[in-house]
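J.: Before I ask anything, let me first share the structure, which is written out below as structure tokens.
There are 2 protein chains.
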Amino acid sequence: METERITIYDIAREAGVSPTTVSRVIAEHANVSAHTRKKVRKVIDQYHFTPSRIAQELLSKRSLTLGVILPGVTHPYYAEMFEGAYQEACRLGYTLILFCLPQNEPLSASLMDQIARRRVDGMILSGGIVEATPERELIPMLRTLRRSMPILTICPPLPDVDCINIYSDLSSSVRQSLRHLYNLGHRRIAFLGGSYESRSAGERELGFLDEMKKLDLPAVYRHEAGHTAEAGQLGVIKLLSSLTDQRRPTALICINDLVALGSLTQLHHMGIRVPEDIAVIGCDNQFFAPYTSPPLTTVDLHPAEHGRVAVQQLVAALTDEAMNFSQPRPAVLIIRESCGVSLGARRFE
Amino acid sequence: METERITIYDIAREAGVSPTTVSRVIAEHANVSAHTRKKVRKVIDQYHFTPSRIAQELLSKRSLTLGVILPGVTHPYYAEMFEGAYQEACRLGYTLILFCLPQNEPLSASLMDQIARRRVDGMILSGGIVEATPERELIPMLRTLRRSMPILTICPPLPDVDCINIYSDLSSSVRQSLRHLYNLGHRRIAFLGGSYESRSAGERELGFLDEMKKLDLPAVYRHEAGHTAEAGQLGVIKLLSSLTDQRRPTALICINDLVALGSLTQLHHMGIRVPEDIAVIGCDNQFFAPYTSPPLTTVDLHPAEHGRVAVQQLVAALTDEAMNFSQPRPAVLIIRESCGVSLGARRFE
DNA sequence: TGCGGGTATGAAATGGGTTTCAAACATGCG
DNA sequence: CGCATGTTTGAAACCCATTTCATACCCGCA
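Chains H and C are the protein sequences, given in the same order. Note that the numbering used here has the first sequence beginning at 1, numbered continuously upward. Note that the numbering used here has the second sequence beginning at 1, numbered continuously upward.
Written out as structure tokens, the structure reads:
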């Protein structure tokens, strides 16, 4: 049953040379005579030999592996971020190992152990767990593994934590949304979604409140824990039932497209028209955004680009090479119809 | 800059014992005196020492790593499958390495090399690449790496390929949809989506055609390449423009929820009411399905369960243990409103 | 006292490569 | 021809843990 794995020694014996020479042929080292090279190459091909990465890693002390910690991959935002990172890692010869850390679960000891034993060259972190205060210890804990290991965070920058950071400017996304609504004439604008623990949610709220102040608008404001469609649905109910029609907001900024989707559904059920009675704006530009009714105006955060650049920068830090890596694009507003402006929405009529 | 990594030898020296003893303490081996054990443990804790998995792997010839090849993870179906697999792998002490193989790209040599070098204990494959005929060589190619390596496929079973298979009964999902529509009185039923290369798409079509025959219905039938919302939108246009109103189908089976979403949008634009004028049914029960208008009747394939069971079975094959692993649930129809039956749809009014 | 049996510990081999260093060989030049 | 230089090649050390085998030690019993 057990097929013996062929080693460099087998190849060497078969080709009548030393393992050293085989190694040199594989590494395409210069000082091997054409005749020997050809002979060895033939045996290698014949046996489909590939050098064991495990042995290489042991020697080189580099695993060419990066760890990625995300809340999961079922949320399209993180899925895209991961795929972006994956593509870049592939291109640079690195492998990614994904660790999922569900939002509300604490960091289990067994997972920590898993991470510790896998000797990854560097780590990329994103999502609420990284940012949430109680679990902020995640980074110090990772630091204890190997002090010199570079850690990169994709989130609003953390104070007094020694990490590379890819700035995902979440407050700018909400500022753009807000200004867009303002320019359309809206003055009573509400904010929906988020949870207190997540710093990136907090970041958006702060951006919202700050920008509202700048625009000298009253803070018609409703904060509802959660990032799901259901949260959006419930959020709309609570928001609108707590306000008289006079004070009802004319626009709704949702923390993400899911919340916006739930909101649209609920508004529809309540007979409130979008965008005539209320404008709705989402965030993330998820694939379904063009297909809600009406098509959702939203903000594209380019998660795939963030993932790609994260790997670039991490590898650069690892190799000390002066790579001139690109920066991810800043958030950009995608205008569809849910705010009453029709631009760039695709229809086939 | 370069922090020397602490080895078992450092610990041994510091504790004044041999590496062997340290290893025994870590493995909680019996024959170590209480005094020595305590002494060694103290040094281990002090230095936060964890034995290098790489060295362990080299010796044990098992990497406790499974490779997963999927078309990607941005499609929620695969994202859920991956997370299910991930959870089970975590529980069993295994690590997953994800390789993404975009649907239409050929298997690049460099990716194959990546897979080859990572010595994974087993592999899980799913998605069109595995099934598509021209690339069917994927499995033979993987086999050349190490003949004894177990390979598990999550798809309709492949003939004459020696793999463990988790049967994702795609034809049954479309059969269920079809019978549901039939029972509601529909007779002119169309099928939308899929592409010729993908066997799982073919599987569904075959199921559709076969079941239509059994029910003695005419094959009002439109096949449109693609699995995206846009494909659904275009598909509806082509389907309805090619048929007179007389022969227009009263029901539409979409190959997935995305196609269904695009279809719903397009039908809405064309002023065709759902479900009054036409019933629409999807597949996958994606998170947005309850929030389309009307809420989408669809089929849940339980991808997470498939992923979970896949890891269970693969690990069982690896360890030769007679695990009695569970089977994933078969596909189940989720009835919402897009076919004119209102059941279990959540509203807050 | 001498010997069998059990426990505690360590030396050395192992796994599969890479790298350093040295040796063998060929070549060029005075 | 002899020496310096350059090219091929291989032996041995190394990476870091585990495991086998051997040794040292202690105890009890004849």
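Glycine is no exception: its CB is placed at the ideal position from the N, C-alpha and C atoms.
Note down the Cα distance separating C:Leu-350 from C:Tyr-77, rounded to an integer number of angstroms.
T.: Shown here, chain C extends from 1 to 349; a query on residue 350 of chain C therefore has no answer.
J.: Taking all protein chains shown into account, decide if H:Asp-320 is buried (16 or more other Cβ within 10 angstroms of its Cβ) or exposed.
T.: Taking a 10 Å sphere around the C-beta of H:Asp-320, we find fewer than 16 other C-beta atoms and assign the residue as exposed.
J.: How is the alpha helix (DSSP H) around C:Val-311 delimited, first residue to last?
T.: Under the DSSP assignment, C:Val-311 falls in the alpha helix (DSSP H) whose first and last residues are 303-319.
J.: Given that C:Gln-114 touches chain H, what residues does it touch there, using C-beta distances under 8 Å?
T.: Cys-90, Gly-93, Thr-95, listed in chain order.
J.: How long is the line joining the alpha carbons of H:Gly-232 and H:Glu-337, rounded to whole angstroms?
T.: 19 Å
J.: Please confirm whether H:Ile-54 has its beta-carbon closer than 9 Å to some beta-carbon of chain C.
T.: yes
J.: Which value, in whole angstroms, describes the spacing of the CA atoms of C:Ala-345 and C:Asp-277?
T.: The predicted position of C:Ala-345 is uncertain, since its pLDDT is 38 and thus under 50; no value can be drawn from it.
J.: Please list the residues of the stretch 58-81 of chain H that have a C-beta atom closer than 8 Å to any C-beta atom in chain C, keeping them in chain order.
T.: Leu-58, Lys-61, Ser-63, Gly-72, Val-73, Thr-74, Pro-76, Ala-79, Glu-80
J.: Would you call the stretch 254-272 of chain H and the stretch 301-321 of chain H touching, i.e. three or more CB-CB distances under 8 Å?
T.: Touching, no, given that fewer than three Cβ pairs across the two stretches are closer than 8 Å.
J.: Should the stretch 30-38 of chain H be called in touch with the stretch 48-57 of chain H, which here means at least 3 C-beta pairs below 8 Å?
T.: By the Cβ criterion, the stretch 30-38 of chain H is not in contact with the stretch 48-57 of chain H, since fewer than three pairs of Cβ atoms, one from each stretch, lie closer than 8 Å.
J.: Which residues does DSSP list as the beta-bridge partners of C:Thr-65?
T.: C:Thr-95
J.: Comparing C-alpha positions only, which one of C:Arg-53, C:Phe-82, C:Leu-240, C:Val-43 sits nearest to C:Arg-308?
T.: C:Phe-82
J.: Quick check on H:Ser-168: buried or exposed, where buried means 16 or more other Cβ atoms within 10 Å of its Cβ?
T.: buried
J.: So that I know if they touch, is there some Cβ in chain C lying closer than 9 Å to that of H:Leu-107?
T.: Output row for H:Leu-107: interface = no.
J.: Okay, do the stretch 14-24 of chain H and the stretch 79-95 of chain C touch, 3+ Cβ pairs below 8 Å being the bar?
T.: no
J.: Under three-state DSSP, which class holds H:Asn-165?
T.: The answer is strand: DSSP assigns H:Asn-165 an E or B state.
J.: Below 7 Å CB to CB, which residues in the same chain sit around C:Glu-2 once its five sequence neighbours on both sides are set aside?
T.: Here C:Glu-2 scores only 46 on pLDDT, less than 50, and its place in the model is too uncertain to base an answer on.
J.: So what does DSSP say about C:Phe-208, is it helix, strand or coil?
T.: helix
J.: Is the separation between the beta-carbon of H:Val-73 and that of C:Val-73 shorter than 9 Å?
T.: Contact: yes.
J.: Check H:Glu-349 in the structure and name its three-state DSSP category.
T.: Low per-residue confidence applies at H:Glu-349: pLDDT is 33, beneath 50, and the placement is therefore not dependable enough to give any value.
J.: Starting from C:Arg-118, find everything on chain H with Cβ-Cβ shorter than 7 Å and list it in chain order.
T.: Arg-53, Thr-95
J.: Report the three-state DSSP secondary structure of H:Gly-194 (helix, strand or coil).
T.: strand
J.: Between the stretch 261-283 of chain C and chain H, which residues of the former have a C-beta closer than 7 Å to a C-beta of the latter?
T.: Leu-261, Gly-262, Thr-265, Gln-266, His-268, His-269
J.: Could you pull the start and end residues of the alpha helix (DSSP H) that C:Ala-231 belongs to?
T.: 229-241
J.: When the distance is taken between beta carbons, is C:Pro-330 closer than 9 Å to C:Ser-172?
T.: yes
J.: I need the DSSP call for H:Cys-100, collapsed to helix, strand or coil.
T.: When DSSP states are grouped into helix, strand and coil, H:Cys-100 belongs to the strand group.
J.: Indicate whether the contact test is met: 3 or more Cβ pairs, each with one atom in the stretch 207-214 of chain C and one in the stretch 174-183 of chain C, closer than 8 Å.
T.: Three or more Cβ pairs closer than 8 Å define a contact, and the stretch 207-214 of chain C meets that threshold against the stretch 174-183 of chain C.
J.: If the cut is a Cβ gap below 8 Å, which residues of chain C does H:Cys-316 touch?
T.: Note that residue 316 of chain H is Ala in the sequence shown here, rather than Cys. The contacting residues do not exist; H:Ala-316 stays about 15 Å from chain C at best.
J.: Under three-state DSSP, which class holds C:Ala-251?
T.: strand
J.: Helix, strand or coil: how does DSSP classify H:Ile-334 here?
T.: strand
J.: Is the distance from the Cβ of C:Gly-193 to the Cβ of C:Asn-256 below 9 Å?
T.: yes
J.: Under 9 Å between C-beta atoms, does C:Cys-254 make it to chain H?
T.: no
J.: I'd like to know whether the C-beta atoms of H:Cys-283 and H:Ser-177 end up nearer to each other than 9 Å.
T.: yes
J.: Under the rule that 16 or more other beta-carbon atoms within 10 Å means buried, what is H:His-48, buried or exposed?
T.: exposed
J.: Nearest chain H C-beta to C:Ser-338 closer than 9 Å, yes or no?
T.: Output row for C:Ser-338: interface = no.
J.: Any Cβ of chain H within less than 9 Å of the Cβ of C:Glu-305?
T.: no
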